[in-house]
Ligand SMILES: [Zn+2]
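In this note's numbering, the protein residues as written are 336 to 790.
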């Protein structure tokens with residue numbers, strides 16, 4: 336092989352962990368970055384965002400599989416460190432990044448302000464990882480690539496996008512480098528979204544880099560419509576409020592669709608539904624602007640119901656908190672790490688008629704985790720709050736493929752020359768590696784942080 340056609344992969348994140356997706360593709364002396372994610376979670380993992388990125392100016396382009404922050408949220412920092420673009424993604428990913436990166440910058444600024452006020456940071460003064468201006472600069476570098484249209488990004492290197500059914504705009508990226516194909520799965524959807532089109536079959540590729548977030552677990556296959564119907568009817572009948580802490584992209588739109596369907600089918604009354612999160616409202620509007628990504632097309636409001644209210648202003652949100660009428664309130668943040676939902680919980684947790692419904696993973700150390708584990712008193716905004724409301728959870732709205740889904744995805748491919756597993760905890764990846772070996776007889780390699788692999 337000539338040095339001219341040498342291709343190497345370098346894994347700078349999402350190695351034996353689920354965040355910070357960053358893979359460098361070295362090709363003909365140039366460097367291309369596939370995904371540019373933020374490390375999230377416990378402090379020792381988040382600290383890695385502060386390590387300087389190797390030669391950001393020398394990156395020729397960034398390619399994004401989707402807009403989730405663990406895949407796109409490092410971009411403003413990379414720009415701050417000197418990266419000049421371009422950044423390629425699908426159209427919907429590009430538009431979703433506009434919402435998410437500005438929000439991420441805002442959160443970085445707030446965290447730094449809070450750390451300075453409380454003087455808990457070891458840095459003095461505490462600085463944000465990036466600011467709104469950096470996010471705006473990053474957004475100016477975004478370029479749209481059409482799905483299913485091979486696009487040349489450099490001599491001898493082209494990319495093509497395929498829908499992955501994970502969130503709006505999410506894709507696999509298939510690179511062809513001097514005739515060799517490399518498939519990046521990004522995050523793979525599970526085909527059980529009621530809103531998004533299902534994931535496309537992966538295209539045949541020489542090398543596959545595959546996520547394994549739930550490589551060791553299967554989700555229960557329960558009827559979420561029936562569960563929601565029972566919960567809504569029970570809470571509304573006794574005159575309570577159903578508060579749903581929502582993840583703004585994906586799960587909120589699934590919930591709106593499910594509630595709308597239940598109402599249309601006469602299984603629940605036309606209960607008032609309030610969406611109280613400016614970012615979730617923006618994301619929902621964006622979903623509706625991309626019908627080509629959706630499988631729901633029932634008239635004017637596929638993500639709505641007859642008694643739907645968009646709560647924009649903070650004043651209206653506070654008024655809503657004071658209302659005792661039976662209703663559903665969907666509000667962020669999903670893990671109760673901040674946001675308007677905390678005000679709703681302050682008002683409704685002491686009310687035995689009301690209920691809180693968790694629809695997503697609650698990370699360790701969050702109020703969401705404590706409540707879900709049955710704590711009867713929580714502190715919100717420095718006040719002790721008694722928990723009298725019913726605490727419920729539904730685990731089937733995940734946007735991720737589980738272990739069986741991942742296997743079903745992979746088996747559609749002719750055997751790749753090499754398979755690399757990333758984006759998963761060590762145990763999850765080992766379980767997936769074992770299944771691939773025993774069920775398909777294929778070899779899969781678990782990648783390590785900062786490992787560089789010639790292809
Ligand atoms: Zn994702």
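Where is the CB? At the ideal position from N, CA and C, for every residue including glycine.
Closer than 7 Å: residue i CB and nearest ligand 1 heavy atom
i           : result
residue 502 : yes
residue 522 : yes
residue 361 : no
residue 401 : yes
residue 406 : yes
Cα-Cα separation between residue i and residue j, rounded to whole angstroms
i           : j           : result
residue 635 : residue 753 : Here residue 635 scores only 45 on pLDDT, less than 50, and its place in the model should not be relied on; the value that follows carries that caveat. Rounded to the nearest angstrom, the two C-alpha atoms are 46 Å apart.
residue 570 : residue 690 : 7 Å
residue 465 : residue 409 : 9 Å
residue 381 : residue 356 : 13 Å
residue 619 : residue 584 : 8 Å
residue 563 : residue 606 : 13 Å
residue 389 : residue 345 : 11 Å
residue 735 : residue 472 : 30 Å
residue 505 : residue 629 : 12 Å
residue 417 : residue 512 : 26 Å
residue 664 : residue 516 : 47 Å
residue 812 : residue 433 : Because the chain spans 336 through 790 in this model, residue 812 falls outside it and cannot be assessed.
residue 469 : residue 445 : 15 Å
residue 519 : residue 497 : 10 Å
residue 684 : residue 375 : 28 Å
residue 592 : residue 638 : 5 Å
residue 631 : residue 719 : 43 Å
residue 660 : residue 777 : 58 Å
residue 493 : residue 717 : 54 Å
residue 485 : residue 369 : 16 Å
residue 662 : residue 721 : 21 Å
residue 482 : residue 495 : 7 Å
residue 537 : residue 739 : 16 Å
residue 401 : residue 435 : 11 Å
residue 615 : residue 643 : 14 Å
residue 594 : residue 349 : 35 Å
residue 367 : residue 414 : 14 Å
Inter-residue CB distance, residue i and residue j (contact presumed, cutoff 8 Å)
i           : j           : result
residue 666 : residue 674 : 7 Å
residue 500 : residue 531 : 5 Å
residue 509 : residue 540 : 6 Å
residue 278 : residue 341 : Given that the chain is displayed from residue 336 to residue 790, the structure contains no residue 278 and the question cannot be resolved.
residue 582 : residue 695 : 5 Å
residue 786 : residue 352 : In fact, because the Cβ distance is near 14 Å, the residues do not count as touching under 8 Å.
residue 756 : residue 780 : 7 Å
residue 676 : residue 578 : 7 Å
residue 745 : residue 551 : That pair is no contact at about 15 Å.
residue 503 : residue 621 : 7 Å
residue 648 : residue 611 : Rounded, the Cβ-Cβ distance is 10 Å, inconsistent with contact.
Closer than 8 Å to chain D by CB, residue i
i           : result
residue 761 : Although the question refers to chain D, the structure presented lacks it and comprises just one protein chain.
Pairs of beta-carbons, one from the stretch 739-757 and one from the stretch 591-607, closer than 8 Å: are there three or more?
The stretch 739-757 vs the stretch 591-607: no contact.
Given 8 Å as the limit, is there contact between the stretch 386-403 and the stretch 525-532, that is, 3 or more CB pairs closer than that?
The stretch 386-403 makes no contact with the stretch 525-532: fewer than 3 CB pairs, one atom from each, lie closer than 8 Å.
Every unbroken beta strand (DSSP E) within the stretch 708-752, with a cutoff of 3 residues, ordered by chain:
Whole beta strand (DSSP E) segments, 3+ residues: 712-715, 718-721 and 725-728.
Three or more C-beta pairs closer than 8 Å, one from the stretch 414-432 and one from the stretch 471-485: is that the case here?
Enough Cβ pairs lie closer than 8 Å, so yes.
Completely contained alpha helix (DSSP H) runs for the stretch 396-454, where each covers 4 or more residues
Uninterrupted alpha helix (DSSP H) stretches at least 4 residues long and entirely within the stretch 396-454 occur at 404-407, 410-415 and 426-453, given in chain order.
Would you check if there are 3 or more beta carbon pairs closer than 8 Å linking the stretch 545-561 to the stretch 709-727?
Taking 8 Å as the limit for Cβ pairs, the verdict is that the stretch 709-727 does not touch the stretch 545-561.
Whether or not the stretch 699-718 and the stretch 729-742 are in contact is what I'm after, with contact meaning three or more pairs of Cβ atoms, one per stretch, closer than 8 Å; do they touch?
In short, these stretches do not touch, since the Cβ pair count stays below three.
Where in the stretch 616-673 do unbroken runs of the alpha helix (DSSP H), each at least 4 residues long, occur, reported from the N-terminal end onward?
Taking only runs of at least 4 residues, the alpha helix (DSSP H) segments lying wholly in the stretch 616-673 are 649-657.
If you scan the stretch 508-587 from start to end, which runs of the alpha helix (DSSP H) of 4 or more residues do you find wholly inside it?
Complete alpha helix (DSSP H) runs here, min 4: 559-572.
Any 3 or more C-beta pairs closer than 8 Å across the stretch 440-455 and the stretch 534-548
At 8 Å Cβ cutoff, the stretches do not touch.
Could you tell me which uninterrupted beta strand (DSSP E) segments, each at least 3 residues in length, are contained entirely in the stretch 456-507, listed from first to last along the chain?
For the stretch 456-507, the continuous beta strand (DSSP E) assignments of 3+ residues that do not extend past its boundaries occur at 477-479, 486-489 and 492-498, in sequence order.
List, from N- to C-terminal side, the beta strand (DSSP E) runs of 3 residues or more that fit wholly inside the stretch 588-617.
For the stretch 588-617, the full-length beta strand (DSSP E) segments reaching 3 residues or more read 608-611 along the chain.
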